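Peer 1:
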Amino acid sequence: MRSPRDTAHGLPSALPMGTPDAAYHLAMRGRPLPVGFLFRYDGPPPPLDAVRARVAERAHAIPALRYRVAGEGKVFRRVDRIAVEQHVHEFRPTEHDTDGPGAGRLMLTRPMSAAGRPPWEVWLVHGPDGGHTLCYRTDHTLQDGVGAAHTARALLDDHPEGGGPAPHHRSRPTARGLAGAFGDVAASCRPATAKPAFDVPGSGRLTVCHADVPLARLRAVGRAHGATVNDVYLAALSHAVRSWHLKATGSPHPPVPVAVPMSVRAPGEELAPGNRMVVARLQLPCDEASPRRALARVAARTARLRASRRRDALSLLLAATPRAIGARLGTRMVNGAVVAAPTSSVNFGDALVHQGAVARRAVMLTGLAAGIRCMTTLTSQHDAACLTVVHDEALATADELPDLWLAALLELEQT
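If you're matching positions, the sequence shown starts at 405 in the working numbering and goes up one per residue.
Spelled out as structure tokens, the structure:
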């Protein structure tokens with residue numbers, strides 16, 4: 405089965421990689437780094453042929469699905485014909501697996517072999533409980549999480565118009581924002597930062613764990629403390645890391661530097677190939693015993709990021725830096741030597757509806773690279789949110805973090 409209109413649709417035959425794209429390609433030495441979305445459904449899965457028919461109908465019109473990495477990591481090359489059977493697959497886990505983490509492990513660990521075609525895939529994963537998970541994944545060199553969100557909706561949703569993460573409207577950064585951007589770069593070039601909970605030799609084996617929570621709870625805590633949902637997520641994560649390390653060692657954990665990805669995807673770029681993102685450095689106050697005070701410290705720091713327009717300052721700095729140099733700086737800014745984890749947050753918007761079924765959970769996840777042992781994501785859709793922790797199995801007890809995060813959220817609700 406081929407996409408019914410295998411035409412160029414006015415797309416250029418080649419596009420130069422941006423600096424973030426080149427950074428991912430450099431960090432992975434040309435290997436793909438999976439990034440994507442998982443949508444969990446109750447009830448029986450649709451027929452594989454129906455999923456393939458949906459993809460065949462739409463894939464040709466989505467620019468991000470028409471390109472592959474070429475030119476030794478310097479350009480994206482357009483592919484004019486899409487063989488849907490090579491991109492859409494079905495998987496049935498063993499009876500000992502569970503659907504959510506099982507689908508996540510599949511998306512992170514199953515090899516991505518594009519063989520000259522665009523590297524994206526759609527997977528229909530059957531669950532042992534009768535439910536199913538619909539997955540979209542691609543190579544992070546070609547697309548960031550927000551781009552993946554827009555692509556998943558355009559490719560799979562019954563009614564793909566509207567919804568999805570809000571676009572970024574660019575503005576002029578302040579002098580403080582520019583100083584902060586240079587400070588983030590400088591911090592990444594300093595000697596390794598002590599992160600005792602995360603500084604372990606990697607095993608190369610990844611696993612995934614989750615915690616689900618009504619989005620209304622996060623919003624209510626944010627309103628009560630003058631903070632955003634993202635602030636609540638990060639403060640609860642800070643306290644969870646503190647509790648996790650304290651339980652394991654009896655010692656408090658120092659503040660933890662994390663990498664906070666921020667989208668700069670502008671209106672009209674929703675389905676464009678490439679990474680439209682920057683990364684800011686943020687200290688999580690894991691030394692703070694009180695979740696309430698941790699939230700106040702996180703909220704104050706993120707407010708300074710917004711007021712100084714750090715996102716736009718980092719974007720301007722990237723644009724002004726030669727790509728090869730910027731890519732090397734990018735691999736330093738998101739590196740296990742200087743940050744403990746990337747901490748992403750994506751609001752998918754309305755729940756994904758596929759073949760009449762409404763997803764009850766959305767999860768964005770990505771693999772690990774450059775010495776990173778752990779990454780966390782808060783993915784929200786409609787009225788639900790899901791914390792996802794992807795970690796190297798060398799962090800043997802990191803599967804405790806979701807429950808500790810929920811406990812920290814409960815403490816915040818009670819203060």
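Positions of the beta carbon are idealized from the N, C-alpha and C atoms, including for glycine.
Here the structure is a predicted model, which is why all the values come from computation and not from measurement.
(1) Please classify residue 422 as buried or exposed, where buried requires at least 16 other C-beta atoms within 10 Å of its C-beta.
(2) Taking the beta strand (DSSP E) that residue 495 belongs to, which residues open and close that run?
(3) Would you decide whether residue 711 is buried or exposed? Buried here means 16 or more other CB atoms lie within 10 Å of its CB.
(4) Does residue 453 pass the burial test, meaning 16 or more other C-beta atoms within 10 Å, or should it be called exposed?
(5) Under 7 Å between the Cβ atoms of residue 694 and residue 681?
(6) Specify the secondary structure class of residue 784 as computed by DSSP and reduced to three states.
(7) What alpha helix (DSSP H) runs, 4 residues minimum, are completely inside the region 532-579?
(8) Go ahead and pull the three-state DSSP assignment for residue 779.
(9) Report all residues from its chain with a CB closer than 7 Å to the CB of residue 490; omit the five preceding and five following residues, and keep chain order.
(10) Can you give me the C-alpha to C-alpha distance between residue 450 and residue 509, rounded to a whole angstrom?
(11) Below 7 Å CB to CB, which residues in the same chain sit around residue 704 once its five sequence neighbours on both sides are set aside?
(12) State the Cα-Cα distance for the pair residue 644 and residue 657, rounded to the nearest angstrom.
(13) Can you check DSSP and say which residues form a bridge with residue 521?
(14) Taking the alpha helix (DSSP H) that residue 633 falls in, what are its first and last residues?
(15) Out of 782, 792 and 718, which one is the CA nearest neighbour of residue 575?
(16) Considering only residues of the same chain and omitting the five flanking positions on each side of residue 727, which have a CB-CB separation below 6 Å?
(17) Per the contact definition of three or more C-beta pairs closer than 8 Å, is the region 649-656 in contact with the region 772-789?
(18) Helix, strand or coil for residue 671, going by three-state DSSP, please let me know.
(19) For residue 669, which residues of its own chain have a beta-carbon under 7 Å away from its beta-carbon, when the five flanking residues on both sides are left out?
(20) Only counting the same chain, and skipping five residues up and downstream in sequence, which positions put a Cβ closer than 6 Å to that of residue 474?
(21) Under a Cβ-count criterion, where at least 16 other Cβ atoms within 10 Å of its own Cβ denotes burial, should residue 740 be classed as buried or exposed?
(22) Mind checking residue 563: buried by the 16 CB within 10 Å criterion, or exposed?
(23) Around the Cβ of residue 818, are there at least 16 other Cβ atoms within 10 angstroms (buried) or fewer (exposed)?
(24) Could you tell me whether the Cβ atoms of residue 780 and residue 812 are closer together than 7 Å?
(25) Taking 8 Å as the cut-off, does the region 540-548 touch the region 432-445 (at least 3 CB pairs, one atom from each stretch)?
(26) May I have the straight-line CA-CA distance separating residue 754 from residue 708, to the nearest angstrom?
(27) Tell me residue 473's beta-bridge partners as DSSP assigns them.
(28) Taking its Cβ as the centre, do 16 or more other Cβ atoms sit within 10 Å of residue 729, making it buried, or is it exposed?
(29) Mind checking who residue 792 pairs with in its DSSP beta bridge?
(30) For residue 415, which three-state DSSP category applies?
(31) In this structure, what does DSSP give as the bridge partners for residue 678?
(32) With 16 other CB atoms within 10 Å as the buried threshold, where does residue 814 fall?
Peer 2: Let's see:
(1) buried
(2) Counting along the chain, the beta strand (DSSP E) containing residue 495 begins and ends at 492-495.
(3) exposed
(4) exposed
(5) no
(6) strand
(7) 549-560
(8) strand
(9) 521
(10) 22 Å
(11) Excluding sequence positions up to five before and after residue 704, its CB lies less than 7 Å from no other CB in the same chain.
(12) Linking residue 644 to residue 657 through their CA atoms gives a straight-line distance of about 11 Å.
(13) Bridge partners of residue 521: none, in fact.
(14) 633-653
(15) Of the listed residues, the one whose Cα sits closest to residue 575 is 718.
(16) 423 and 426
(17) no
(18) In the structure shown, the three-state DSSP call for residue 671 is coil.
(19) Excluding positions up to five away in sequence, the list reads 550, 551, 571, 572 and 680.
(20) Result list for residue 474: 481, in chain order.
(21) With 16 or more other Cβ atoms within 10 Å, it is buried.
(22) exposed
(23) exposed
(24) no
(25) At 8 Å Cβ cutoff, the stretches touch.
(26) 30 Å
(27) 480
(28) By the neighbour-count criterion, in which a residue is buried when 16 or more other Cβ atoms sit within 10 angstroms of its Cβ, residue 729 is exposed.
(29) 614 and 781
(30) coil
(31) 547
(32) By the 10 Å Cβ count, residue 814 comes out exposed.
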